[in-house]
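One structure below.
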Amino acid sequence: MNSYQKEIQDLKKQFALTSQEAQGYFRIIQQRVAKEIAEVKKLNLLKGRFILECSTGQGKFTQGLLERLLNPNQTLYSIDSTPGLIKNIRLKIRKRNFKPEIADLWNLPFPDNSFDALISHYTLHSLRSKNKNFLKPFREMVRVLKPGALFIAMTFYYDKGKNLPAFYYHRLFQLSYQDKKINFLSLQKPGIYIDYLRMAGLKDIKTKIISYDSIKFPEELKQKIWNERLREEERSIKKIKSLKLRREVQEILKYFEDNPELKSQGIGPTVLLWGEKE
Ligand SMILES: C[S@@+](CC[C@H](N)C(=O)[O-])C[C@H]1O[C@@H](n2cnc3c(N)ncnc32)[C@H](O)[C@@H]1O
234 MNSYQKEIQD LKKQFALTSQ EAQGYFRIIQ QRVAKEIAEV KKLNLLKGRF
284 ILECSTGQGK FTQGLLERLL NPNQTLYSID STPGLIKNIR LKIRKRNFKP
334 EIADLWNLPF PDNSFDALIS HYTLHSLRSK NKNFLKPFRE MVRVLKPGAL
384 FIAMTFYYDK GKNLPAFYYH RLFQLSYQDK KINFLSLQKP GIYIDYLRMA
434 GLKDIKTKII SYDSIKFPEE LKQKIWNERL REEERSIKKI KSLKLRREVQ
484 EILKYFEDNP ELKSQGIGPT VLLWGEKE
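Here it is, written out as C-alpha cells:
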C-alpha cells in the first residue's frame, strides 16, 4: 500500500466513509494543499537550502511541500511534539532530503540562525502546552531562522460572525485538553498572530486570505465528516472532569443542535502570513 492509499484508508476509518467518499475527500484535501502550495510558489516565499516545517501532523502538507515545491537540493526538517505522528511520517515519507524530528515549539533543538525559511501549516491556532507563555514558541521559531530569512504560516483565524461554528468546533477539541491543564492559543484574529510575530522579531509582515470557494465539496459528504468530527469530540468530552468545562461542552453541543445548518460550514477561512527576520 503506497502512502496515498494508506491516507484514503485512514480517512475511511476516521470518518466512517465509503471507499468512494474517502477518495472524494482525499481529492478535496489534495486540491486544498495544491492551492496553498501554489500561493506560496506564486509569492516565491520558500527559498534557501534548509527549511523547517512546524509542525508536520499527519503530513498532508509535508507531502505536498516535498512533491510540489521543494527541489532535492533543499532539505526539509519537520518537527512535531507528538511522537506517534513523527513515527507515522517516518514510515510514510522516506526521502534523503526529509528529516522528521520530535520537538516542542517551546524549546526547539536547533541552534540560532539555522534555517533559510520556516513554514507552518495550521499550527499557530493549534499551539498547545502546559506553558501559558504563547510568545515563547514564536520567539523560538524566529530564533532558529537566519537574519533576513522568511517565516511563512497558514492558519485558521477567527472572524466573528463568519466562522463562529469553526470557533466552537475548535473549542470543543480543546476542552478535553484544558481539563488536563493543557492550554491552546486557539483561533485568533489575524492581528493577534501579527502582534506575536512582530514581538518575536519579524518585520514587514504581510497577510493574504486564502479562499477555498473554487473547490467543490459535496454537501452530503461535508455533513457526514462534520457529524463524525463532532461524534469523535463527544467521545473525549465524556471524560472531562471539570464541571465548568462540561457546562461549556453542553452549550456548544446545544448550539449545533439548534443550528444544524451551521454544522457543515467548514473550518476555514485561512490566512497566509509571512515576514522577514530582522
Ligand atoms: C492541526 S495540526 C496541523 C498539522 C499539519 N501541519 C497539517 O496541516 O496537517 C497541528 C499540529 O501542531 C502540533 N503541535 C501542537 N503543539 C505543539 C508544540 N508545542 N510543539 C510542536 N508541535 C505542536 C500538533 O501535534 C499537531 O500535529
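Here the sequence shown is numbered in the working numbering, starting from 234 and rising by one per residue.
Don't be surprised by glycine CBs; every beta carbon is placed ideally from N, CA and C.
The bridge partners DSSP lists for Asp313 are Ile335. Runs of the alpha helix (DSSP H) lying entirely within the stretch 389-471 and spanning at least 4 residues, in chain order: 397-411, 423-433 and 452-470. In the DSSP secondary-structure assignment, Ser353 is bridged to Ala386.
By alpha-carbon distance to Glu254, the top candidate from Leu454, Ile485 and Leu338 is Leu454. In this structure, Tyr355 has its beta carbon less than 7 Å from a heavy atom of ligand 1.
The Cβ neighbour count for Lys365, taken over all protein chains shown within 10 Å, is under 16; the residue is labelled exposed. Looking at the backbone, the Cα of Leu463 and that of Arg404 are separated by about 11 Å. Assigned with DSSP and collapsed to three states, Thr289 falls in coil, not helix or strand.
Scanning His354, Phe343, Leu303 and Asp313 for the CA closest to the CA of Asn330 turns up Leu303.
With 16 or more other Cβ atoms inside 10 Å of its own Cβ, Ile322 counts as buried. Beta-carbon to beta-carbon, Ala336 and Ile352 are separated by about 15 Å, too far to satisfy the 8 Å threshold. Around the Cβ of Pro398, a 10 Å sphere holds 16 or more other Cβ atoms; the residue is buried. Listed in chain order, the alpha helix (DSSP H) elements of length 4 or more contained wholly in the stretch 359-385 are 368-376.
With a contact defined as Cβ atoms closer than 8 Å, Leu309 and Lys274 miss out at about 15 Å. For Glu254, the uninterrupted alpha helix (DSSP H) run begins and ends at Ser252 to Lys275, by DSSP. Taking Met432 as reference, the option from Arg372, Tyr445 and Leu244 with the minimal CA-CA separation is Arg372. The beta-carbon distance between Tyr401 and Gln421, rounded to whole angstroms, is 15 Å. This is too long to meet the 8 Å contact definition. At least one heavy atom of ligand 1 lies closer than 7 Å to the C-beta of Phe294. At least one heavy atom of ligand 1 lies closer than 7 Å to the C-beta of Pro370. Shortest Cα-Cα distance from Leu276 to any of Val377, Ile385 and Glu300 involves Ile385.
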